[in-house]
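Scroll down for the structure; my scribbles are underneath it.
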Amino acid sequence: MKLMRVLHFADLHIGVELYGRPLPGKPWSSRMQDFLDAFDFLVDYAVEEHVDAVIFAGDAYKAREPSQTHQREFARRIRRLSEAGIATFLLVGNHDLPNAESRAHALEIFRTLDVPNVTVGDAGWFQREGHVPQVIETRAGPLQVAFVPWPQVSQLLASSEEAESASIEQLYKLIERAISDLVVAQGEQIDPDIPAILTCHLPLSDQLVAENKGSEYWMQSGTVPRVPLSALHMDKFDYVALGHHHNAMQLNTHPPCWYSGALQEVDFGDARTAKGFMTLEFDTSRPRGERLTGSGAPRLVKAPSRRFITIAVNPRDADPNEEVLAAIGKQDVTDAIVKVEVHLDRDQEALLRLSEARSALAGAHVIAGIRTVLPDENRSPLPPNIQPDASSPIETLDTYLKLREVADERRERLLAAAAEIIEETEAVGV
């Protein structure tokens, strides 16, 4: 038995400052420090556990054109992996692409500097080398990496005459077909005797994904169609490493296909699943389809993560304060990001003392809000897929746009724009 240890992570998003507090002596907030601490935990794990290869499935930064500070902090940690002799593959996600196609993307510098043990997966590879997978050399032997970076539509359809006169729906079908063809072309070049991974930064149309929307829903940068899982033609690969969605989820078992999720919660929509990274072990002596068995099967390793807590209270007494304070007291809010929703009538609202609730939350890292919810008989019914306790500004806007039957593509652009405004208003630091 000869083992190859692999670590898969994605959606780091260095630069998220939402719900942060200033840090003395640091040019960034406590929230960015949370993301860096999780990244440090990952790097320490990779070094201490003698990981042979790290697959990063895209989105290193929050901004498409990150600050020099953000780039420096990402590079410091990639350098640690490089110096430890760990082969690292960096896939380009939508947040890694520049605002103008003529500019370099955020990960291109690693290729330019020829950083040892670091390989970049972008569209430029296919332009130079053709539709072939990359082969990276690890301490445990070669590893084939086929990949699909976030699609740049103009490049993906550059040679398509059909695209010139296609409708939006037809254009999306052409993009889906082009992505599928790209995977097939790389799969045909795979050597079955060498472990092979497919890594993609894509939104998939799988129902499981649709039910697990997290902060990537409003952080969307660029638009491409949701691709069916069948378009990935996974039979040539031992493992499929996905990026883009922030909640960890398994979409297939043979071969294993995982979104690793983000390393940290970005907002309350991400608080439903554990955050971390995937680890797996290939038995390189076994044939394809049998290399990930037993203890080598993919598993999620939890990273340290700040808690998001929602406290919902429905006071029954005329004076709601005692019940509100009791509900807060039942939760350990220490160092957590907390929001409180108090459902009451207008008479109770007049008696509510918000200052006492804030005092009870003094141990929290950030109070994201204390919101009172009043009964409204004229309120439009919520769509069946919207939870009745949805209360963040983004969720509220999403509900409104759905009730107005705004087209999905336009709705997602409006949500993304609204989120940018909210983050700029609430951000602290850089």
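Each residue of the sequence shown is one higher than the one before, starting from 517 at the first, in the numbering used here.
Just so it is clear, CB atoms sit at the ideal spot from N, CA and C, and this is done for glycine as well.
Predicted, not measured: the structure shown is a model, and the values here were computed from it.
Pair within 9 Å by beta-carbon distance, residue i and residue j
i: LEU949; j: ILE530; result: As displayed, the chain neither begins before 517 nor continues past 946, which places residue 949 out of reach and without an answer.
i: ALA880; j: LEU913; result: no
i: PRO606; j: GLY640; result: Contrary to the premise, residue 606 reads as Leu rather than Pro in this sequence. Result no, Cβ atoms of LEU606 and GLY640 do not sit closer than 9 Å.
i: PHE555; j: LEU779; result: yes
i: HIS762; j: LEU720; result: no
i: THR800; j: ALA656; result: yes
i: VAL651; j: VAL661; result: yes
i: PRO771; j: MET750; result: yes
i: VAL634; j: LEU659; result: no
i: MET548; j: GLY536; result: yes
i: PHE824; j: ALA852; result: yes
i: VAL840; j: VAL854; result: no
i: GLU653; j: ALA603; result: yes
i: GLY777; j: ALA526; result: yes
i: ILE886; j: VAL849; result: no
i: ALA884; j: GLY845; result: no
i: ASP575; j: GLY541; result: no
i: PHE798; j: THR826; result: no
i: LEU890; j: ARG869; result: no
i: ALA695; j: PRO667; result: Checking the displayed sequence, the identity of residue 695 turns out to be Ile instead of Ala. For ILE695 and PRO667, yes; Cβs fall inside 9 Å.
i: ALA774; j: PRO744; result: Per the sequence shown, the amino acid found at residue 774 is Trp instead of Ala. The answer is no: Cβ separation not under 9 Å.
i: PHE753; j: GLY810; result: no
i: LEU796; j: ALA834; result: no
In DSSP terms, what residue i is bridged to
i: ASN830; result: Partner(s): none; ASN830 has no beta bridge.
i: TRP666; result: Beta-bridge pairing links TRP666 to no other residue.
i: THR628; result: THR628 pairs with nothing; no bridge assigned.
i: VAL634; result: THR604
i: LEU659; result: ILE652
i: ASP799; result: LEU519
i: PRO538; result: SER545
i: PHE824; result: ILE853
i: ILE530; result: TYR577
beta-carbon residue i near the ligand GTP non-hydrogen atom, thresh 8 Å
i: HIS881; result: The ligand GTP is not part of this structure, which contains no ligands at all.
Range of the contiguous beta strand (DSSP E) that encloses residue i
i: LEU720; result: Where LEU720 is concerned, there is no enclosing beta strand (DSSP E), given that its DSSP letter is neither H nor E.
i: ILE853; result: 853 to 859
i: ALA884; result: 882 to 889
i: ALA813; result: Counting along the chain, ALA813 falls outside any beta strand (DSSP E), and DSSP gives it neither H nor E.
i: GLU653; result: 650 to 654
i: GLY646; result: Unbroken run through GLY646: none, as it is neither H nor E.
i: LEU767; result: 765 to 769
i: ARG757; result: One detail in the question is off: residue 757 reads as Ala in this sequence, not Arg. Note, ALA757: beta strand (DSSP E), 755 to 759.
i: VAL782; result: No beta strand (DSSP E) contains VAL782, which DSSP labels as neither H nor E.
i: GLU576; result: Correcting the residue type first, residue 576 is Ala in the shown sequence and not Glu. Run containing ALA576: none; DSSP gives neither H nor E here.
i: TYR775; result: 772 to 775
Host alpha helix (DSSP H) of residue i (start-end)
i: ILE844; result: 837 to 845
i: VAL595; result: Val is not the amino acid found at residue 595; the sequence shown has Arg there. Unbroken alpha helix (DSSP H) run through ARG595: 584 to 599.
i: GLN864; result: 862 to 867
i: ALA876; result: 870 to 876
Reduced DSSP category for residue i - H, G, I as helix; E, B as strand; rest coil
i: THR963; result: The first residue shown for the chain is 517 and the last is 946, placing residue 963 beyond what the model contains.
i: SER545; result: strand
i: PHE793; result: strand
i: HIS524; result: strand
i: PHE557; result: helix
i: MET517; result: coil
i: ALA620; result: coil
i: PRO909; result: helix
i: VAL567; result: coil
i: ASP937; result: Note on residue identity: the sequence assigns Ile, not Asp, to residue 937. Three-state DSSP puts ILE937 in a helix.
i: VAL743; result: strand
i: LEU714; result: strand
i: ILE706; result: coil
i: PRO615; result: Checking the sequence shown, residue 615 turns out to be Asn, not Pro. Three-state result, ASN615: coil.
i: GLU806; result: coil
i: PRO904; result: Annotation note: pLDDT 47 at PRO904 (below 50); position unreliable, coordinate value reported separately. Coil, per DSSP.
Short CB-CB distance (under 9 Å) between residue i and chain C
i: HIS881; result: No chain C appears in this structure, which consists of one protein chain only.
With three or more C-beta pairs closer than 8 Å as the rule, is the segment 712 to 719 touching the segment 564 to 577? yes
Below 8 Å, can you find three or more Cβ-Cβ pairs linking the segment 584 to 596 to the segment 799 to 818? no
For the 8 Å Cβ check, are there 3 or more pairs between the segment 697 to 713 and the segment 742 to 758? yes
Decide if the segment 609 to 618 is in contact with the segment 641 to 648; the criterion is three or more beta carbon pairs, one per stretch, under 8 Å apart. no
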